[in-house]
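Report on the structure given below.
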Amino acid sequence: MINYLITIFILTMIIHTGETLSYSLRFAGVKINKIAVALSLTGIIVLVSRTANLIQAPLTAKFIDFAKKDPAFNVLGYMRIILISSSIGTLIAMILFPTFVVLWGRVIAKLEIAGSLPRLISSVTIGQLRNTRYYLRKPTFRLHQFRYLGISKRFIILNILVTAIYTVGVLSSLYAAHLVPELSTTASQSSGLINGIATILLTIFIDPQVGLITDRAIHNEAYRDRLGKIYILLMGSRLLGTVLAQLIILPAAYFIAFVIKLL
């Protein structure tokens, strides 16, 4: 099981790093005034991360199957370790943010020349990959920089909550399958009960607000200078959301177990 845990840990870490780094892609698009191209590439990143989630779920389900054979197996402990990997992935993205803003700017510029993503990928050389070290940027985090950014506390708290719900969606449904083994198949397919709530909150409250923030930066040069700090703040709230996920995984699992018993 340790090998499965290591694989899932790394995969989950990569998923959260990629999703969180989508902010750097948006920011790069705003800086070079190519937001439409940046958003299209963001969609690709989200697609890849969602596909990786499809791989993560059956691998994690192995823990539930193993627990049926060994009742002493600490399923919840393994789930919490996976949640730690999501926090680490988000933290890595925050550290890499300034570097990837520069790198994405180069990618967008080269994409315009190549004309398509397959041509861009095929044109990449070993020498170009080696040269990426020259784009490394050191992150700086100063709390006083985030004091007057015009982002409401309600929005930050909501972003934390939505991130936490999304983070535990699959894991809570699998743990619910462990709690009610007689309905394990139903429970393992019920992550939508949790993710559906997060999707509604994300679609109604989070995405439009992020869009407004980005649009405001496009049309206001003074606001554009603050956009990077705003994205760092949003990434910080995502990090807190992955930490909050540690607290809500059990309630979410019991909620799913309760609902499927009513079906």
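The sequence shown begins at 3 in the numbering used here and counts up one residue at a time.
The beta carbon of each residue, even a glycine, is placed where N, CA and C say it ideally should be.
Only a predicted model underlies this, so the values are computations on that prediction, with no experimental measurement involved.
Contact with chain C by Q248, beta-carbon distance below 8 Å: Of the chains in the structure shown, none is chain C; there is only one protein chain.
Cβ shell of A63 (< 7 Å), same chain only, five flanking positions each side left out: L176 and S190
Selected residue, minimal CA-CA separation from A54, among D67, T19 and A74: Minimum Cα distance to A54 is reached at T19.
Cβ contact (3+ pairs, closer than 8 Å) linking the stretch 42-50 and the stretch 231-249: no
Under 8 Å between C-beta atoms of L195 and I258: yes
Between the CA atoms of R108 and G117 - distance to the nearest angstrom: Rounded to the nearest angstrom, the gap between the Cα atoms of G117 and R108 is 14 Å.
Minimum length 3: unbroken beta strand (DSSP E) runs contained in the stretch 10-90: none
Candidates S192, A224, I12 and T9: closest to K33 by CA position: A224
Range of the contiguous alpha helix (DSSP H) that encloses F257: E223 to L264
For Y150, the three-state DSSP class (helix, strand or coil): Residue confidence is low: Y150 scores 47 on pLDDT, short of 50, so the model does not pin down where it sits. Its coordinate-derived value is still stated next. When DSSP states are grouped into helix, strand and coil, Y150 belongs to the coil group.
DSSP three-state assignment for Q191, whether helix, strand or coil: coil
Candidates M96, T244 and L119, of which the one nearest V39 by Cα: L119
Euclidean distance between Cα positions of I199 and I167: 8 Å
Anticipated Cβ contact below 8 Å, I83 with F11, distance rounded: 7 Å
Best match in E184, T205, P210 and L203 for proximity to I262 [C-alpha to C-alpha]: E184
CA-to-CA distance, M237 to R28, given in whole angstroms: 13 Å
DSSP state of M96 mapped onto helix, strand, coil: helix
Beta-carbon spacing of S26, W106 below 8 Å: Yes, the pair counts as a contact, with Cβ atoms nearer than the cut-off.
Per-residue DSSP class, three states only, for K140: coil
8 Å contact criterion, which I2 and G31 should meet: CB distance rounded: This structure cannot settle anything about residue 2, because the visible part of the chain is limited to 3 through 265.
Reduced DSSP category for S175 - H, G, I as helix; E, B as strand; rest coil: helix
Collapsed DSSP secondary structure at S186 in the structure displayed: helix
Per-residue burial, N161 [other beta carbons within 10 Å of its own, 16 or more giving buried]: Classification for N161: buried.
C-alpha distance - V57 paired with I123, whole-angstrom precision: For the record, residue 57 in the displayed sequence is Ile; it is not Val. The C-alpha of I57 lies about 24 Å from the C-alpha of I123.
Helix, strand or coil at G213 [DSSP, three-state]: Annotated three-state conformation of G213 is helix, per DSSP.
Member of H221, Y6, I158 and F102 whose CA lies at the smallest distance from the CA of P141: F102
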